[in-house]
Amino acid sequence: MERRRSFPDVLAGGVFVLIGGAFVVGSLGYELGTPLRMGPGAFPLLVGATMAALGLAIVVKGLIAGEVVAFGPIPWRAVAVIVAAVLFFGFTVRDLGFVPTSAVTALLTTLASSRVRPLTAVAVAAGLTVAATLIFVVGLQLRIPLWGPWLGF
Amino acid sequence: MELLDNLALGFSTALLVQNVLYCFVGVLLGTAVGVLPGIGPTATVAMLLPITFSFEPVTALIMLAGIYYGAQYGGSTTAILINLPGESSAAVTALDGHEMARQGRAGAALAAAAVGSFIAGTVATVALAVAAPPLARVALQFGPAEYFSLVLLGLIVSIALARGTALKALAMIALGVLLGTIGQDIYTGTPRFVFDQRELYGGIDFVSVAVGMFGVAEILRNLENEQTRTAVVSKVKNLWPTREDRRRIVGPILRGTGLGAALGVLPGGGHVLASFASYAVEKRISKRRQEFGRGAIEGVAGPESANNAAAQTSFIPLLTLGLPAHPVMALMVGAFIVHGITPGPNVITDEPALFWGLIASMWIGNVLLVLLNLPLIGFWVRMLRIPYQVLFPMIILFAAIGTYSLSFNAYDVYAIAFFGILGYILIKCGCEPAPLLLGFVLGPLLEENLRRALIISRGDASVFLTRPISAVLLALAVAALAVTVLPAIRRRREIVFAEEE
């Protein structure tokens, strides 16, 4: 296998250093305690430091003898649309109700594919909304109102 | 015979109408997600977990287990027919299985896979029934120090089997453990890393982590290059193998079963390793080595038996030690806990009906799988025509509904988006998501036992080395770590995994 400088290695290592470091800083704010009675901060501090060290090792290795991983394109449209759809669901399901929230979430999600035609998207969203309502609310008795208070119910 | 009494109890539980029904639903769903590329058993189990909260515990576990081993089964169907392994362990089946299909012998390949899986499933179920009780008795002697060392060993062995570099897998475990510390501290009740959000006090739900890492991230991967799937499948005929075929598959099935049953116990995806190891063994001892890769039926029967046997025996560490060997098992730990049962050595004595019922249901599930797969093969093939543009919105919507219904907490839903993106970035950088999920589930156990052991030993950290069982487990962990990092063995691993491409 070919070994050379590798962007994915450096990125992954960077993510680990960053998150590990954040946990280390965060855990210093909690009581560390003694070995006999470890406080809430001790264990995250230990693991966070280990992870930051591992991340650093990955970065260094990525700079001199990285793993060649094909990074490939990023489907920005899909990332944006799917995140928006999921956040929308979490944010509105209580107040808008199950049916409208599911419909909008499904419709948004179908747009993640760059090949989808508008008519297909609407058909898929409608079908999924009906299926989800039947499965979760009618079949499994999930206690979410079908139509929420925002719509005057 | 105690074993027979236990199995009788198991079958009387597993044969209750609702249990057979949900076992059927489980293996049906499992086969479906095994057939469909782009959704795996981990994401499916995670999405369906909230639904099972209202079931009886044994019914819930029977269904979830059915999804897991059903998926191993479904994955081989597509591997043989269209050279598209739906599950990673079926990749090796595609080598010879698809070649057989191209020669018009798809029927024989499917039958060899089905018969092999059934025999392996039966043997492994018995192995599970025999091996679990003594192991659970040993585990009952474990104190916190032993448990800490055992969990550490489990985590480290899991990276030996992961793809990608050991460093990244270790870092993923650490990340999982860290994410597991979010929420209230078990000893002092101090909320940790919650940013003053009350919704985070209970910690992040592992369902959100699993759905994000295995569901959303996988969808983003698939949307990178959209292709229309073309499923050109020749008609399947002559399901029954010829006498020559039957003679040739006996050995591979038995060897594959043994190999799989042994390797399945290892943490971190023993079923993938088992199918590769079985293929390598069959190729080495075969008198017609040149046929391998050109449609040797041994290359289908062996690995298929191995991965199915491993799928069954990977329940051994879960049921006896409470240690998950696979991300799906990690989710099952959650299922146990939701129903108020702590997975571990006590399950077998406290909940005998559940324990033996689950084991017996696996055998029933294997019978159902044979009935489902061979006659209905045309149906599964037709399912491949479902366009991805319908499939992925369904996964996202059901994932959002499923995680919301966990505790009607919007943060659980936001977490899917977060872990989807994080998982996507890390997977793109060559990190495997499985160690993270194992770390996330086992992290709290690790911390709890570490702190408890130190309290009992009055702060003396040498307790992990002076207690013999703990010392042996730690020594094994160090050895496993050395093995994964040593260059010579690493190269061999790379060769094994390179064949997967």
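Residue numbers (UniProt numbering), protein chains in the order written: chain U, 1 to 153; chain W, 1 to 501. The beta carbon of each residue, even a glycine, is placed where N, CA and C say it ideally should be.
Simplified DSSP assignment, three categories, for residue i
i: GLN18/W; result: helix
i: GLN184/W; result: strand
i: PRO191/W; result: strand
i: GLY357/W; result: helix
i: GLU244/W; result: helix
i: GLY33/U; result: strand
i: GLU351/W; result: coil
i: GLY66/U; result: strand
i: TRP150/U; result: helix
i: MET1/U; result: Note that MET1/U scores 46 on pLDDT, short of 50, meaning its location in the model is unreliable and no value can be drawn from it.
i: GLU500/W; result: Bear in mind that the predicted position of GLU500/W carries a pLDDT of just 43, short of 50, making it unreliable; the figure below should be weighed with that in mind. It is coil, neither helix nor strand.
Nearest candidate by alpha-carbon position, reference residue i, set the options
i: LEU263/W; options: GLY26/W, VAL281/W and THR313/W; result: THR313/W
i: GLN141/W; options: PRO345/W, LEU426/W and GLY420/W; result: PRO345/W
i: PRO468/W; options: ARG105/W, LEU49/W, GLY302/W and ALA145/W; result: ALA145/W
i: MET329/W; options: SER158/W, THR78/W, ALA106/W and SER278/W; result: SER158/W
i: THR257/W; options: GLU304/W, VAL45/W, LEU481/W and CYS23/W; result: GLU304/W
i: ILE359/W; options: VAL123/W, MET100/W, ALA111/W and TYR73/W; result: VAL123/W
i: VAL390/W; options: LEU36/W, GLN18/W, LEU3/W and LEU15/W; result: LEU36/W
i: GLY295/W; options: ASP412/W, GLY97/W and PHE408/W; result: GLY97/W
i: ALA132/W; options: LEU406/W, LEU371/W, VAL265/W and GLY121/W; result: VAL265/W
i: PRO85/W; options: MET332/W, VAL300/W, PRO393/W and ILE173/W; result: VAL300/W
i: LEU437/W; options: ARG137/W, LEU331/W, ARG198/W and THR52/W; result: LEU331/W
i: ARG221/W; options: PHE11/W, ALA479/W and ILE39/W; result: ILE39/W
i: ARG247/W; options: ALA169/W, GLY116/W, GLY439/W and TYR73/W; result: GLY116/W
i: LYS287/W; options: ALA277/W, ALA309/W and PRO252/W; result: PRO252/W
i: VAL83/U; options: PRO118/U, LEU108/U and ILE74/U; result: LEU108/U
i: SER442/W; options: ASN373/W, GLY293/W, GLY154/W and MET100/W; result: Checking the sequence, you will find Leu at residue 442/W rather than Ser. That would be GLY154/W, whose Cα lies nearest to the Cα of LEU442/W.
Residue j beta carbon less than 8 angstroms from that of residue i
i: LEU474/W; j: SER149/W; result: yes
i: LEU319/W; j: VAL347/W; result: yes
i: GLY70/W; j: LEU369/W; result: yes
i: ALA306/W; j: ALA280/W; result: no
i: MET63/W; j: TYR22/W; result: yes
i: VAL69/U; j: GLY430/W; result: yes
i: VAL151/W; j: LEU323/W; result: yes
i: PRO352/W; j: LEU9/W; result: yes
i: ALA65/W; j: GLY104/W; result: no
i: THR133/U; j: ALA106/U; result: no
i: residue 502/W; j: LEU135/W; result: Here chain W covers residues 1 to 501 and nothing more, so residue 502/W does not appear.
i: PHE71/U; j: PHE7/U; result: yes
i: GLY66/U; j: GLY20/U; result: no
i: LEU321/W; j: VAL58/W; result: no
i: VAL99/U; j: LEU32/U; result: no
i: LEU110/W; j: THR77/W; result: yes
i: ALA127/W; j: ALA261/W; result: yes
i: PHE214/W; j: ALA79/W; result: no
i: TYR404/W; j: GLY90/U; result: yes
i: VAL177/W; j: GLY378/W; result: no
i: GLY107/W; j: GLN72/W; result: no
Exposure of residue i, with buried meaning 16 or more beta-carbon neighbours within 10 Å
i: GLU244/W; result: exposed
i: SER102/U; result: buried
i: THR34/U; result: exposed
i: VAL17/U; result: buried
i: LEU140/U; result: exposed
i: VAL250/W; result: exposed
i: ASP460/W; result: exposed
i: ASP205/W; result: buried
i: MET1/U; result: Low per-residue confidence applies at MET1/U: pLDDT is 46, beneath 50, and the placement is therefore not dependable, though the value from the model is reported in the following sentence. Exposed, by the Cβ-count rule.
i: GLU501/W; result: With a pLDDT of 38 at GLU501/W, under the threshold of 50, the predicted position of this residue should be treated as unreliable, though the coordinate-derived value follows. Its Cβ having fewer than 16 others within 10 Å, GLU501/W is exposed.
i: ASN225/W; result: exposed
i: TYR201/W; result: exposed
i: ILE416/W; result: buried
i: VAL25/U; result: exposed
The ligand FMN heavy atom lying under 7 angstroms from the CB of residue i
i: ALA12/U; result: Summarising the ligand content, the structure contains no ligands, and the ligand FMN is consequently not present.
TODO: List in chain order: all unbroken beta strand (DSSP E) runs of 3+ residues lying wholly within the segment 112-177 of chain W.
DONE: none
Task: alpha helix (DSSP H) runs wholly inside the segment 312-344 of chain W, at least 4 long, in chain order - done: 315-321 and 327-338
TODO: Could you pull out every unbroken alpha helix (DSSP H) segment of at least 4 residues lying fully inside the segment 422-490 of chain W, listed in chain order?
DONE: 434-456, 463-466 and 468-485
- [ ] Enumerate, from N- to C-terminal direction, the unbroken alpha helix (DSSP H) stretches of 4 or more residues contained entirely within the segment 17-83 of chain W.
- [x] 17-35, 41-48 and 57-82
TODO: Could you tell me which uninterrupted alpha helix (DSSP H) segments, each at least 4 residues in length, are contained entirely in the segment 117-142 of chain U, listed from first to last along the chain?
DONE: 118-132
- [ ] Entirely within the segment 271-298 of chain W and at least 4 residues each: give me those alpha helix (DSSP H) ranges in chain order.
- [x] none
TODO: Note down, one range per segment and in chain order, each alpha helix (DSSP H) of at least 4 residues found wholly within the segment 364-402 of chain W.
DONE: 377-383
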